[in-house]
Structure formats: structure tokens, C-alpha cells
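Chains L and R, in that order, give the protein sequences.
Just so you know, we're using the working numbering here: the first sequence kicks off at 1199 and counts up by one.
Just so you know, we're using the working numbering here: the second sequence kicks off at 2 and counts up by one.
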Amino acid sequence: DTEVTQTPKHLVMGMTNKKSLKCEQHMGHRAMYWYKQKAKKPPELMFVYSYEKLSINESVPSRFSPECPNSSLLNLHLHALQPEDSALYLCASSQDLGGTRYTFGSGTRLTVV
Amino acid sequence: GENVEQHPSTLSVQEGDSAVIKCTYSDSASNYFPWYKQELGKRPQLIIDIRSNVGEKKDQRIAVTLNKTAKHFSLHITETQPEDSAVYFCAASVTGANSKLTFGKGITLSVRP
């Protein structure tokens, strides 16, 4: 298995809702990442996990809460989001902790209404 | 922090011609330079990468060159095909613990049949 799987593919949520995004990889990668991508923009780093521990938080608002339950799974919990949080949320994993050769998932297209 | 500049923002070439996309970076400590291709509505995919101890790397129709002194690197695509049409992102990072990949703004390449 050489893929990063993200679910759901699309999500529409209200500003008072709580939802979670899920990311799974079975390549044995020990570094996993959450990125946010707006239309016609590059991916922006949100969080980095190394060996299931949060190593980087790029000053992301607390309404985004990451979780890494095990080495294969990464979640992003969403609560009280704003319409400007609408974007493509990409998960990635890296074969080494040095941060090279990312494999990206297909993303979750999030719309906040 | 690292700043990656990518120019131009769009590039149109005739099928069969070569395309060259250039990026500059600011952090002289950066030692890893990947290129990602993102087709519309799809995930970014790594197409080639280069480390700072190498000046050039080639993979079939794609090559990347690195000039550490000038702090710029370029993607070369020969014999372009319509399926090469996509957004191309360059990126740079310092590998190691807490590595963060910084992306350029992306260039939209259109290959005219």
C-alpha cells in the first residue's frame, strides 16, 4: 500500500458543528502532516507529527485540534469553524523524519456555511 | 524563515517544446528541493527532488538543476505533452527533526496540442 487515504472527500459543516477529518497510511511512515490549501494557492503547513507526537504547530487556531492515535492514523478535529476556513485539507506522510518525499492524500474539500 | 519565489505564474508552451520553471530560495541552510505536480482537483504528487550535494538530477523527460551559490533551482520538462498541463510547485526545506517544507506559489503550465 503506497497511498495516504483521507476521508471524507467532501464535507459541508455549519459554524456550530463538530466534525473530524481522518487520514490513514500503511507505509510505515513515522512523520505525518496536515496542510491547508486554498484555491490557486500552495499548501500551507498546519501541524507536524513525528512518532505520534506533535512536533510543529504553525500557530493554528484552537478550533483545529489534531490527534495521532497511532502510527498509521491522523485525525483533525474541527469545531466552531468560520467560513474562511473553507479549503482543501491535505494530509501527507514522509518516509523519514527528515521530511523528504512526502506522499499526499487526495484531501478533504471542506465548506463551512 | 524560508521564502521560496516562483516565476512566472503561468507558462504556455507548444506540445513537443521544452518548459523551464525557475525558483529561488532565501535560506542558505536549505538542502532539500522537491517539485510537486498538482492536476486540477487532485493531490500534489512528487515528480522529482534534489538534495544540495547534487547539481543536477534527471528522470526521463524531467530534470532539476540546482545552483546553491545563486540559491535557485529549476525544473526542465522536455518533449512536453498535453498531460503535463498542471500546476507545478517548487519547495525547499532544511532536512532533519522539525523539518518544514516551504512551497512556492505555483506555476500553471499549459501545453497546447
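Think of the CB as a built atom: it goes at the ideal place given N, C-alpha and C, for glycine as much as any other residue.
CB of residue i within 9 Å of CB of residue j, strictly
{"i": "SER53/R", "j": "SER86/R", "result": "no"}
{"i": "SER19/R", "j": "ILE78/R", "result": "yes"}
{"i": "SER1174/L", "j": "ASN68/R", "result": "This structure does not reach residue 1174/L, given that chain L is present from 1199 up to 1311, and the question cannot be answered."}
{"i": "LEU1288/L", "j": "VAL1310/L", "result": "no"}
{"i": "PHE90/R", "j": "LYS38/R", "result": "yes"}
{"i": "ARG1299/L", "j": "SER1269/L", "result": "no"}
{"i": "LEU1286/L", "j": "CYS1221/L", "result": "no"}
{"i": "LYS72/R", "j": "GLY1297/L", "result": "no"}
{"i": "TYR26/R", "j": "VAL5/R", "result": "yes"}
Contacts of residue i in chain L (Cβ-Cβ under 8 Å)
{"i": "ASN4/R", "result": "The premise fails here: ASN4/R is roughly 12 Å from chain L at the closest Cβ pair, so nothing lies under 8 Å."}
{"i": "GLY105/R", "result": "PRO1240"}
Endpoints, beta strand (DSSP E) assigned at residue i
{"i": "ALA71/R", "result": "Neither: ALA71/R is in no beta strand (DSSP E) and is coded neither H nor E."}
{"i": "GLU1201/L", "result": "Taken as a continuous stretch (DSSP letters only), GLU1201/L belongs to no beta strand (DSSP E), as it is neither H nor E."}
{"i": "PRO1267/L", "result": "1262–1268"}
{"i": "LEU1253/L", "result": "One detail in the question is off: residue 1253/L reads as Ser in this sequence, not Leu. Here the beta strand (DSSP E) through SER1253/L covers 1251–1255."}
{"i": "MET1211/L", "result": "1208–1211"}
{"i": "GLN82/R", "result": "Neither: GLN82/R is in no beta strand (DSSP E) and is coded neither H nor E."}
{"i": "THR1306/L", "result": "1306–1310"}
{"i": "HIS1277/L", "result": "1271–1277"}
{"i": "VAL1258/L", "result": "First-last for VAL1258/L: undefined, no H or E at that position."}
Residue i: contacting residues in chain R (beta-carbon distance under 9 Å)
{"i": "ARG1228/L", "result": "Within chain R, no residue comes near ARG1228/L; the closest Cβ sits about 12 Å away, beyond 9 Å."}
Minimum C-alpha distance to residue i - residue among the options
{"i": "HIS1224/L", "options": "THR1203/L, LYS1234/L, THR1214/L", "result": "THR1203/L"}
{"i": "TRP136/R", "options": "PRO83/R, GLU80/R, LYS58/R", "result": "Since the first residue shown for chain R is 2 and the last is 114, residue 136/R is missing from the structure and cannot be characterised."}
{"i": "SER1218/L", "options": "GLU1265/L, TYR1247/L, PHE1302/L, SER1292/L", "result": "GLU1265/L"}
{"i": "ARG1261/L", "options": "SER1248/L, HIS1275/L, LEU1209/L", "result": "HIS1275/L"}
{"i": "PRO1206/L", "options": "SER1263/L, PRO1241/L, ASN1273/L, ASN1255/L", "result": "ASN1273/L"}
{"i": "GLU16/R", "options": "VAL95/R, GLU80/R, THR103/R", "result": "GLU80/R"}
Chain R residues whose Cβ lies nearer than 8 Å to that of residue i
{"i": "THR1203/L", "result": "Within chain R, no residue comes near THR1203/L; the closest Cβ sits about 11 Å away, beyond 8 Å."}
{"i": "SER1304/L", "result": "LYS43, ARG44"}
Exposure label - residue i; buried when at least 16 CB within 10 Å
{"i": "VAL21/R", "result": "exposed"}
{"i": "MET1213/L", "result": "exposed"}
{"i": "TYR1233/L", "result": "buried"}
{"i": "TYR1249/L", "result": "exposed"}
{"i": "SER1291/L", "result": "buried"}
Within chain L, the residues that residue i reaches when beta carbons sit closer than 9 Å
{"i": "ASP50/R", "result": "THR1298, ARG1299"}
{"i": "ASN54/R", "result": "Ordered by position in chain L, no residue passes the 9 Å Cβ test against ASN54/R, which lies about 13 Å from the chain."}
Cβ-heavy atom distance, residue i to the ligand GDP, below 8 Å
{"i": "SER75/R", "result": "Among the ligands in the structure shown, none appear at all, so the ligand GDP cannot be discussed."}
Partner residues on chain L for residue i, Cβ-Cβ distance less than 7 Å
{"i": "LEU47/R", "result": "ARG1299, TYR1300"}
{"i": "THR96/R", "result": "GLY1296, GLY1297, THR1298"}
{"i": "PHE90/R", "result": "PRO1240"}
7 Å Cβ cut-off: residues of chain R touching residue i
{"i": "GLU1253/L", "result": "Sequence inspection shows Ser at residue 1253/L; the Glu mentioned does not correspond to that position. Those are ASN99, listed as they occur along chain R."}
{"i": "LEU1288/L", "result": "ARG44"}
{"i": "LEU1272/L", "result": "None at all; the shortest Cβ gap to chain R is about 15 Å."}
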